[in-house]
Each structure stands twice: as structure tokens, then as C-alpha cells.
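The next block holds one structure in the form of C-alpha cells; read it before the comments.
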Amino acid sequence: MKDLGAEHLAGREGVQLLGLLNLYLEQEERFQPREKGLSLIEATPENDNTLCPGLRNAKVEDLRSLANFFGSCTETFVLAVNILDRFLALMKVKPKHLSCIGVCSFLLAARIVEEDCNIPSTHDVIRISQCKCTASDIKRMEKIISEKLHYELEATTALNFLHLYHTIILCHTSERKEILSLDKLEAQLKACNCRLIFSKAKPSVLALCLLNLEVETLKSVELLEILLLVKKHSKINDAEFFYWRELVSKCLAEYSSPECCKPDLKKLVWIVSRRTAQNLHNSYYSVPELPTIPEGGCFDESERDKGPEVSFS
Numbered sequence: 001m002k003d004l005g006a007e008h009l010a011g012r013e014g015v016q017l018l019g020l021l022n023l024y025l026e027q028e029e030r031f032q033p034r035e036k037g038l039s040l041i042e043a044t045p046e047n048d049n050t051l052c053p054g055l056r057n058a059k060v061e062d063l064r065s066l067a068n069f070f071g072s073c074t075e076t077f078v079l080a081v082n083i084l085d086r087f088l089a090l091m092k093v094k095p096k097h098l099s100c101i102g103v104c105s106f107l108l109a110a111r112i113v114e115e116d117c118n119i120p121s122t123h124d125v126i127r128i129s130q131c132k133c134t135a136s137d138i139k140r141m142e143k144i145i146s147e148k149l150h151y152e153l154e155a156t157t158a159l160n161f162l163h164l165y166h167t168i169i170l171c172h173t174s175e176r177k178e179i180l181s182l183d184k185l186e187a188q189l190k191a192c193n194c195r196l197i198f199s200k201a202k203p204s205v206l207a208l209c210l211l212n213l214e215v216e217t218l219k220s221v222e223l224l225e226i227l228l229l230v231k232k233h234s235k236i237n238d239a240e241f242f243y244w245r246e247l248v249s250k251c252l253a254e255y256s257s258p259e260c261c262k263p264d265l266k267k268l269v270w271i272v273s274r275r276t277a278q279n280l281h282n283s284y285y286s287v288p289e290l291p292t293i294p295e296g297g298c299f300d301e302s303e304r305d306k307g308p309e310v311s312f313s
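What the sequence shown shows, in the UniProt record's numbering, is residues 1 to 313, in sequence order.
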């Protein structure tokens with residue numbers, strides 16, 4: 001099979017696309033959540049005092065609803081999930097602090113991605129999310145998250161690869177440009193983001209699996225050949241690719257089943273009047289700040305059970 005190269009793309013644009021792809025491939029591991037931290041969460045049984053997969057997944061669903069309510073773009077949601085998972089995989093978190101961490105992840109992502117006029121205020125996010133914390137709690141937690149992630153909040157995510165792969169395909173294909181819906185692919189990616197397991201997948205692999213499954217439904221030989229070239233250039237091995245493609249396929253099948261709401265089939269719209277929004281859960285102003293949590297440190301890679309509690313002081 002021939003290699004994917006700039007000569008097969010459109011001049012200067014082709015060189016830029018491949019340069020960007022190589023940059024993303026170099027960066028992706030740096031912004032992935034620690035696998036050992038994710039595995040500790042995965043292995044945690046459901047109970048009232050520890051962070052388990054169900055609680056994490058429910059919080060990401062909340063973030064998706066929050067992003068939809070404020071009209072945030074997909075990039076904001078995906079980055080918020082990345083920030084959340086990187087922090088959870090690094091620090092030991094009590095369930096009672098998860099809402100505050102989720103809101104902070106959303107606000108941090110929105111400030112990076114959105115235009116200034118589209119960034120929701122902290123007070124509005126507190127009211128709508130019903131997170132039961134104060135503005136000072138949010139400020140405190142944002143500082144902790146930023147410090148623990150070494151202020152590297154802007155990350156290379158599966159959405160970056162999805163957009164880039166999509167652009168590369170459009171540069172190659174002779175088929176109709178609208179045949180491959182980016183909106184549909186983004187909705188499918190958000191469905192995967194709601195499952196903790198996919199935080200373990202390399203962003204480049206997750207994005208390629210989504211595109212591959214969609215191309216298969218289109219039965220396009222030309223698009224499939226282009227994807228194979230992309231896969232080869234990205235040095236994604238078959239075992240890794242087929243493992244994650246199977247999991248992605250299962251996830252999307254479950255989301256499209258009658259028992260489960262389809263992701264973004266119809267965008268969530270919360271109709272809340274200005275007066276209602278202003279008065280919604282005004283008691284949050286009187287909610288005492290989250291208690292300072294004694295700082296204990298990060299996950300010990302050698303431990304699987306209880307350890308020192310993390311601090312949000």
C-alpha cells in the first residue's frame with residue numbers, strides 16, 4: 001500500500017495537514033489521563049464514599065447537558081471531559097467533591113475554547129448545575145486543578161484527530177463532501193466520552209474507529225482506502241485498532257437502542273426564563289464553602305486500595 005504523503009494532498013494544504021497530524025501524534029500521550037489512575041477508578045465498587053465508574057459517567061452526562069444548555073461547542077465539552085479525567089486519574093477524589101470538580105472543568109474548558117461573549121459566568125453555572133458550592137469554592141478548585149495539571153489545560157483530544165482526519169478525507173475523496181457528516185461523528189464521540197473506558201484509548205485510535213465505522217455504513221471503498229492510508233501513517237497497529245473499534249461499535253449500538261437515548265439526536269433545550277434562572281436555587285449563596293480537604297498526595301501506582309485523601313485546600 002502506498003504511503004500517505006503531501007504529494008497525495010492538495011499542495012501547501014497537504015503539507016500543513018500532515019504536519020499538524022504529526023504534531024498531534026507527538027502530543028496525544030502527554031494529554032491522556034494516567035491509565036493506572038483510571039484503572040483504580042474502574043476497579044472501585046459502587047458505594048457511597050468512593051469514586052466509581054458510575055459516578056464519573058453520570059458526571060460527564062451532566063457536563064454534556066450543561067454544555068448544551070449554555071450552547072457550548074463540542075470542543076468545550078470534550079476538553080472539559082479531558083481535564084476532568086486527567087485530574088481524577090491523578091488525585092484521590094471523594095464523591096462529594098465531584099460536582100465542584102466537574103463545574104470547574106467545564107469553566108476552565110469554556111475559557112480556553114469559547115469566545116468571551118459565550119463564556120458563562122461562574123454564578124450562572126453554579127445556579128444551573130445545582131452543584132451546591134460557592135463562587136469561592138469554584139475559584140479554589142480551579143486553582144487546584146490547574147496546579148495539579150501543571151497549567152497544561154489545552155489538550156490534544158480525539159476531537160482534534162476527528163476534525164483533522166475528516167479534513168484529510170475531504171481533500172482525497174472525489175465523492176460528495178456532505179456524505180460524511182462531521183456533526184454525526186461529533187455526537188458519536190460525545191457518546192463515547194460518557195464511558196470511562198474510552199478515556200484509556202489513544203485519541204488518534206478512538207477518532208479513527210469512529211470514522212471507520214461510519215465509512216463502513218456508507219459502503220464507500222474510496223473512503224475506506226483513504227482511512228487505511230491514514231491508519232498506516234499514524235502507525236496504529238491492527239490489534240489496537242480492532243480492539244477499540246469493537247468497543248466503540250458496542251457503545252454506539254447501545255446508545256442507539258430503544259432502551260437508551262440517542263446521543264444528540266435532538267439537542268437538549270432547557271427553557272428557563274430570566275426570572276426563573278435568577279431565582280433558581282438562590283440558597284446556594286448561603287451554602288457554606290466545601291470543607292478544606294487535608295492534602296495527601298497523588299495516587300500511588302503500587303496501591304489499589306484506600307490511600308491518603310486528596311486535598312482541595
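The beta carbon of each residue, even a glycine, is placed where N, CA and C say it ideally should be.
Please read all numbers here as calculations on a predicted model, not as lab measurements.
In the DSSP assignment, the alpha helix (DSSP H) including residue i goes from what residue to what residue?
{"i": "serine 136", "result": "135–148"}
{"i": "threonine 36", "result": "Sequence check: residue 36 is lysine here, not threonine. Looking at the DSSP string, the run of the alpha helix (DSSP H) that includes lysine 36 is 35–42."}
{"i": "histidine 123", "result": "122–129"}
{"i": "aspartate 85", "result": "74–88"}
{"i": "glutamate 61", "result": "53–69"}
{"i": "cysteine 104", "result": "98–113"}
{"i": "tyrosine 243", "result": "238–255"}
Between the beta-carbon of residue i and the beta-carbon of residue j, is there less than 7 Å?
{"i": "asparagine 82", "j": "threonine 157", "result": "yes"}
{"i": "phenylalanine 161", "j": "serine 204", "result": "yes"}
{"i": "arginine 86", "j": "proline 45", "result": "no"}
{"i": "isoleucine 145", "j": "isoleucine 226", "result": "no"}
{"i": "serine 129", "j": "leucine 66", "result": "yes"}
{"i": "cysteine 100", "j": "methionine 141", "result": "yes"}
{"i": "glycine 37", "j": "alanine 80", "result": "no"}
{"i": "alanine 155", "j": "phenylalanine 77", "result": "no"}
{"i": "leucine 84", "j": "leucine 153", "result": "no"}
{"i": "glycine 102", "j": "lysine 59", "result": "yes"}
{"i": "threonine 74", "j": "glutamate 216", "result": "no"}
{"i": "leucine 164", "j": "leucine 21", "result": "yes"}
{"i": "tryptophan 244", "j": "alanine 201", "result": "yes"}
{"i": "glutamine 188", "j": "leucine 224", "result": "no"}
{"i": "serine 72", "j": "alanine 43", "result": "no"}
{"i": "threonine 122", "j": "isoleucine 138", "result": "yes"}
{"i": "glutamate 214", "j": "threonine 173", "result": "no"}
{"i": "leucine 51", "j": "isoleucine 41", "result": "yes"}
Would you verify that the beta carbon of residue i is, or is not, closer than 7 Å to some beta carbon of chain B?
{"i": "lysine 219", "result": "Protein chain content of the structure displayed is limited to a single chain, and chain B is not contained in it."}
What is the DSSP secondary structure of residue i, reduced to helix, strand or coil?
{"i": "alanine 6", "result": "Reliability of the predicted coordinates at alanine 6 is poor, the pLDDT of 43 falling under 50, and the value obtained from them is presented with this limitation in mind. Alanine 6 falls in the helix class under three-state DSSP."}
{"i": "cysteine 260", "result": "Because cysteine 260 carries a pLDDT of 48, less than 50, the predicted location of this residue cannot be relied on, and no value is offered for it."}
{"i": "leucine 18", "result": "helix"}
Practice task
Would you check if there are 3 or more beta carbon pairs closer than 8 Å linking the stretch 216–235 to the stretch 90–99?
Solution key: Output reads no: the stretch 90–99 does not touch the stretch 216–235.
Exercise for the section: With a floor of 4 residues, list each alpha helix (DSSP H) that falls wholly inside the stretch 171–201, ordered by position along the chain. Expected result: Within the stretch 171–201, the runs of alpha helix (DSSP H) that reach at least 4 residues and sit entirely inside it are, in chain order, 182–193.
Exercise for the section: For the stretch 191–208 and the stretch 113–128, state whether three or more C-beta atom pairs, one from each stretch, are separated by less than 8 Å. Expected result: Flag = no, the stretch 191–208 and the stretch 113–128 do not touch.
Practice task
Only counting runs of 4 or more residues, tell me where the alpha helix (DSSP H) segments fall wholly within the stretch 201–226, in order along the chain.
Solution key: If only uninterrupted alpha helix (DSSP H) runs of at least 4 residues are considered, those enclosed by the stretch 201–226 are 203–218.
Handout entry: Meets three-Cβ-pair contact criterion under 8 Å: the stretch 182–190 and the stretch 129–148
Key = As far as the Cβ criterion goes, the stretch 182–190 does not touch the stretch 129–148, which means the pair count is below three.
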